[in-house]
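Protein chains: 2
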Amino acid sequence: MVLNLSEQKLSIPEGTEDVLGLDMRYREHIINIIKEVYENYGFNPHKTPILEYLETFNGHHGEGEKLFFHIKDKNDKDLIARYDLTVPLARVASMYPDLPRPYKRYQIGPSFRDDEPGKSHFREFTQCDADIIGADSLLAEIDITVMAHELLTILGIKNFVLKINHRLLIQALALKVGLQSKEEHLGLQRALDYADKVSKDGLQGVKNKLLENNIPLNIANQTLMEIESFANLLTQFDDLQNQINQIEKFFDNCPSAAKAAADLKFIMSYLPKNVQSNIKIDLTLARGADYYTGYILEGVAIDTEIGAILGGGRYNQLVSAVGNANEAGVGLAFGLERLLSVLKSLDYIDKNIELPSKILLANTNVEFHPKLFVIARELRKYYDVDIYYNQSPFGDIVHFAQQNKHQMIIELIGKQPLIHAVIENETMQSKVTDILNNLDCI
Amino acid sequence: MVLNLSEQKLSIPEGTEDVLGLDMRYREHIINIIKEVYENYGFNPHKTPILEYLETFNGHHGEGEKLFFHIKDKNDKDLIARYDLTVPLARVASMYPDLPRPYKRYQIGPSFRDDEPGKSHFREFTQCDADIIGADSLLAEIDITVMAHELLTILGIKNFVLKINHRLLIQALALKVGLQSKEEHLGLQRALDYADKVSKDGLQGVKNKLLENNIPLNIANQTLMEIESFANLLTQFDDLQNQINQIEKFFDNCPSAAKAAADLKFIMSYLPKNVQSNIKIDLTLARGADYYTGYILEGVAIDTEIGAILGGGRYNQLVSAVGNANEAGVGLAFGLERLLSVLKSLDYIDKNIELPSKILLANTNVEFHPKLFVIARELRKYYDVDIYYNQSPFGDIVHFAQQNKHQMIIELIGKQPLIHAVIENETMQSKVTDILNNLDCI
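Chains A and B supply the protein sequences, listed in that same order. Each residue of the first sequence is one higher than the last, beginning at 1 in this note's numbering. Each residue of the second sequence is one higher than the last, beginning at 1001 in this note's numbering.
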């Protein structure tokens, strides 16, 4: 073993993190809530590798492909650390045609983007995805919207909004302002996507990005005007159904807008009132629009600096783009680290984590207690038991127990062990006393 | 979105896998068992990133470093996909001196080695590690040995052996056959390590590797002879304490052997009889001997082709080698994929997985049932509920329910939904009937 220089400064890569102590308990608590809700809605778990062939991912993420972490293996094959969990899902759907359809799976695992790291912007981050492959019906959109609402509610986020949009409305907007070519449509999508995901400048950000994408100034200005008029129009109606009724007219009976309005109307007609009350139609919501083909959904926690914590929608061409099966897709994803930041800022953490009852078994004799492991074995039938392996002053042991949130110390000093409560718990104390008294070795 | 050629043959990198359907349920079931036992023994979860700086890992894995998956990020920093979970633990111990000591953590997560893939030999695999940093006492060795035994027992592996060895016995063997230089000692360790981990040729493999490491033929032959004599000597004594008593004499009262024997004797004196009965002292057990400094442990399932499924031991110089704190370490690790292979070959899987009770809600009307999501919401308070989103013939729906192990289909055909049992369950049927009857919307 080669010793490194002792002055080496240890660190972890920027945009990655160690999750230690109570933070890890908290993280697992939240993951379990998400899993339970996903399963409650009929999703099954699956898992794909972190390493994937570059060629599987190539061609699906546009600008995002600059963020791939590239790896070359021994056999000179090009791999990446996966960029997301959706392309691997499309790969699975294509490679395993015998999986039951619709295929409903959830997956919680890390994805990787060699991006500029920032506060709550990680290069290694955890996505919690739930997707449905092979369902054309709008019932799938409704189900994921209801599920998103339930999850945000269960997580204790009282003040949130579910923004929705439809890819065909973005298309209708492009047509309304006179953008004709595919290139120009793409420019509009990029501009909205940029403002939606990256910019803090709102409409000014959209305008700058439109100009960068070679949209002429007059059309850029008109686009912003249309977006504002649309938003103003909607504020005149409290009721979502009424808002949607206005959409067709606003877009001059454009067939794309009519189809989008019909979809949204159907979806809204099945949503419970409590879900509807958190919904807001937002024409600027794009979420990587060259990916989604229909309904687009985003969950935003109000009163926090971090914006979107979940996103989703319908993507009907991804599976065929990755493989060759032609299958519809609908899904949503939580960004776990962003969600945890939001929950922390909302003070959710301390109120909601229950640690397991844990006992510390400590030997303070000069000689080790001969029945140390017999006692440990018996107590472990009922409680988590930590052994304090070292010979230390009792004060150090108490300090250790407090740091680790142990509820009780059992000191093995004589024949009859001494029970010390770190946290008062009478039921536990009387039960432990019984267990120890019934041990014939003591 | 660029469409790939439809004839593209999709695949995942060799030595990685998709875990789908019931296999994933099974995997999670086993992970939960391991977590529960680790927590029962006082270990707390933590998590470190998958990407680490190359310099953190450099210098700790000898030949293993050829297996690193290298990544260069945008800022031209050298990263790797982590090789194991132990070096990151040493990094954490060094970077966070305020973490309570002893620091007991478990971590279950992927590691990566660009190795030759094979059956149950993955390039992306999952390690389940439990380690103790900052405990010098042999009580730590005892606790992890008892825990290993309990885990193998709880996992239903009836026929297993816990091989043990001590790094100082390997040193004593080197001295006994006249290997003097550090280089020669390392050669012996490598040869044992090779035979232990890689070779199916037993002692012949050790001999070949000794010769490759420039050990002269006569010493190589003598080494094999000593290993065989040692093994033969031990078979003459049923009792572990008696076996250990012989060790000192066998190694001509070499101080290294005396210290090893004293350690093993202490450890055995505290082990319960049922644990002792599975233990076998094995001088050829090396497990990367330049890593371990004392006790070495390995769990092997007998009657299966796959050998070791857990390994561990004491490593007292790793933390100081990675960082600068001088701290003792003891730990063990399960290779999850190997363990799953063993359990599958032992037919554990079918007997031990209970799937959640799941209902399939299917709409077979031409029109969707107006209260579809109200019914779903009510049922989801008690059961996992899957909605069949598409309009399909009832036969397809039944087939889907069977494939997905749904217990019941509720067909929304008229005002009063029809209940179809996929799996007979009278309690569930009467409860679901009650729930539906109490819904005022039906």
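Ideal Cβ positions, reconstructed from N, Cα and C, are used throughout, including at glycine.
Between Leu1297(B) and Leu1162(B), the C-beta spacing is below 8 Å. Among the bridge pairs identified by DSSP, Arg105(A) is matched with Asn44(A) and Asp131(A).
In this structure, Arg113(A) keeps its C-beta atom at 8 Å or more from the C-beta atom of Leu89(A). With a threshold of 8 Å between beta carbons, Thr1048(B) makes contact with chain A.
Going by DSSP, Phe1400(B) is part of the alpha helix (DSSP H) stretching over Phe1394 to Gln1403. Taking a C-beta distance under 8 Å as the contact criterion, Leu1343(B) and Ile1142(B) do not qualify as a contact pair.
Within the stretch 327-351 of chain A, the complete beta strand (DSSP E) segments at least 3 residues long are 329-335, listed from N- to C-terminus.
Taking C-beta atoms under 8 Å as the contact rule, Pro110(A) and Thr126(A) qualify, at a distance of about 5 Å. Here DSSP, grouped into helix, strand and coil, assigns Ser277(A) to coil. Taking C-beta separations shorter than 8 Å and ignoring five residues to either side along the sequence, the partners of Gln1429(B) in its chain run Met1408, Ile1419 and Ala1421, following chain order. Nearest to Asp76(A) by C-alpha distance, out of His1046(B), Pro1102(B), Val1092(B) and Glu1014(B), is Glu1014(B). Leu1355(B) is not a Cβ neighbour of Ile1387(B), given a cutoff of 8 Å. At a beta-carbon threshold of 9 Å, none of the residues of chain B lie near Phe334(A); the nearest stands roughly 17 Å away.
Rounded to whole angstroms, the gap between the alpha carbons of Gln276(A) and Leu1379(B) is 21 Å. Counting only the Cα atoms, Ala130(A) lies some 42 Å from Arg1314(B). For Phe1125(B), the three-state secondary structure derived from DSSP is strand. When the Cα atoms are used, Leu1051(B) and Ile247(A) turn out to be separated by approximately 47 Å.
With respect to chain B, the C-beta atom of Arg380(A) has a partner C-beta closer than 8 Å.
Interface criterion not met: the Cβ of Pro1097(B) is under 8 Å from no Cβ in chain A. A residue is called buried when at least 16 other Cβ atoms come within 10 angstroms of its Cβ; His46(A) meets this threshold and is buried. Our two residues, Ile413(A) and Asn365(A), have alpha carbons roughly 5 Å apart in a direct line. By the neighbour-count criterion, in which 16 or more other beta carbons inside 10 Å mark a residue as buried, Lys273(A) falls on the exposed side.
By the 16-neighbour rule on beta-carbons within 10 angstroms, Leu1217(B) is exposed. Around the CB of Gln416(A), fewer than 16 other CB atoms lie within 10 Å, so the residue is classed as exposed.
Per DSSP, the beta-bridge partners of Phe69(A) are Ala81(A).
DSSP links Ala1362(B) through a beta bridge to Tyr1388(B) and Glu1411(B). Glu1337(B) counts as buried, since at least 16 other C-beta atoms from the protein chains shown sit within 10 angstroms of its C-beta.
Neighbourhood of Pro417(A) in chain B, by CB distance below 9 Å: empty, with the nearest CB roughly 16 Å away.
For Pro110(A), the beta-bridge partners assigned by DSSP are Thr126(A).
Here Leu1240(B) is not near Ile1302(B), since their CB atoms are 8 Å or more apart.
Among the CB atoms of chain A, one or more fall inside 8 Å of the CB of Asn1040(B). Contact annotation for Met24(A) against chain B: Asn1044, Pro1045, His1046 and Lys1047 [CB-CB distance below 8 Å, chain order].
Remark: C-beta atoms of Pro1102(B) and Tyr383(A) do not approach each other more closely than 8 Å. Around His1061(B), the same chain offers Tyr1083 as residues with beta carbons nearer than 7 Å, after the five sequence neighbours per side are excluded. C-alpha of Gly1042(B) to C-alpha of Asn425(A): approximately 19 Å in a straight line. Runs of the alpha helix (DSSP H) spanning 4 or more residues and lying entirely within the stretch 216-300 of chain A occur at 217-235, 240-250, 255-270 and 273-276, in chain order.
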